[in-house]
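Using the numbering used here, the first residue of the sequence shown is number 22, and each one after it goes up by one. Data block below; observations after.
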Amino acid sequence: MHVAAIEEAGKVVFLHKIEEGPADQSYGIHVARLANLPTTLIERADTILHELEQKDQLVTPSAAPTAIPLAEKAPLYVEDETQLSFFSVTEPQPEPTPPIEAKLRAKINGLDLLTMTPMEAMMALYQLQKEFK
Numbered sequence: 022m023h024v025a026a027i028e029e030a031g032k033v034v035f036l037h038k039i040e041e042g043p044a045d046q047s048y049g050i051h052v053a054r055l056a057n058l059p060t061t062l063i064e065r066a067d068t069i070l071h072e073l074e075q076k077d078q079l080v081t082p083s084a085a086p087t088a089i090p091l092a093e094k095a096p097l098y099v100e101d102e103t104q105l106s107f108f109s110v111t112e113p114q115p116e117p118t119p120p121i122e123a124k125l126r127a128k129i130n131g132l133d134l135l136t137m138t139p140m141e142a143m144m145a146l147y148q149l150q151k152e153f154k
């Protein structure tokens, strides 16, 4: 069973209709976009998908699983050189925090918000605004 969907101009529209049989393609990346997952994660998933498609390594579901005698089962962990990483080899480095932002962050973290009255919190915010304008 699958949810019927159509693709228009690179966007997937789910039809809110259940149909029998497997879907014609995976919509996982489209669903990730709809869920507003981080762009870098979606781009990496797209890269992995294209690599798998180029290597013809897409797994197709089999008709019915068959029982395998315990002695013939493969080990639980097999070193596989074709295994792709979920994380790109060159991770983007975070930009350094500007000194003024680091100073502001330190001052905000130094406030004990749980013990302040609303007026004290407002005055502290006002002082920070004056200092960092």
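For each residue, glycine too, the CB sits at the ideal point set by N, CA and C. From a predicted model like this one, the values you see are computed outputs, not experimental measurements.
Going by the CB atoms, is the gap between residue j and residue i shorter than 9 Å?
i: residue 37; j: residue 52; result: no
i: residue 73; j: residue 50; result: no
i: residue 142; j: residue 132; result: yes
Taking the alpha carbon of residue i as the reference point, which residue from the options has its own alpha carbon closest?
i: residue 31; options: 125, 153, 55, 144; result: 55
i: residue 61; options: 151, 147, 115, 39; result: 115
i: residue 46; options: 118, 63, 58, 28; result: 28
Our contact map puts residue i next to residue j with C-beta atoms below 8 Å; I'd like the distance itself, whole angstroms only.
i: residue 145; j: residue 137; result: 7 Å
i: residue 26; j: residue 35; result: 5 Å
Check the Cβ-Cβ distances between residue i and every residue of chain C, and say whether any is below 9 Å.
i: residue 153; result: Judged by its chain identifiers, the structure shown contains no chain C, having just a single protein chain.
How would you write the range of the alpha helix (DSSP H) that residue i sits in, first residue to last?
i: residue 128; result: 120 to 130
i: residue 142; result: 139 to 153
i: residue 66; result: 60 to 75
i: residue 55; result: 49 to 55
Taking 6 Å as the limit between beta carbons, can you name the residues of its chain near residue i, skipping five residues before and five after?
i: residue 76; result: none
i: residue 33; result: 26, 48, 51
Only counting the same chain, and skipping five residues up and downstream in sequence, which positions put a Cβ closer than 8 Å to that of residue i?
i: residue 125; result: 149, 153
i: residue 40; result: 22, 23, 24, 25
i: residue 129; result: 149
Which residues mark the beginning and the end of the beta strand (DSSP E) in which residue i is found?
i: residue 36; result: 32 to 40
i: residue 25; result: 23 to 29
Below 7 Å CB to CB, which residues in the same chain sit around residue i once its five sequence neighbours on both sides are set aside?
i: residue 63; result: 50, 53, 54
i: residue 119; result: none
i: residue 121; result: 153
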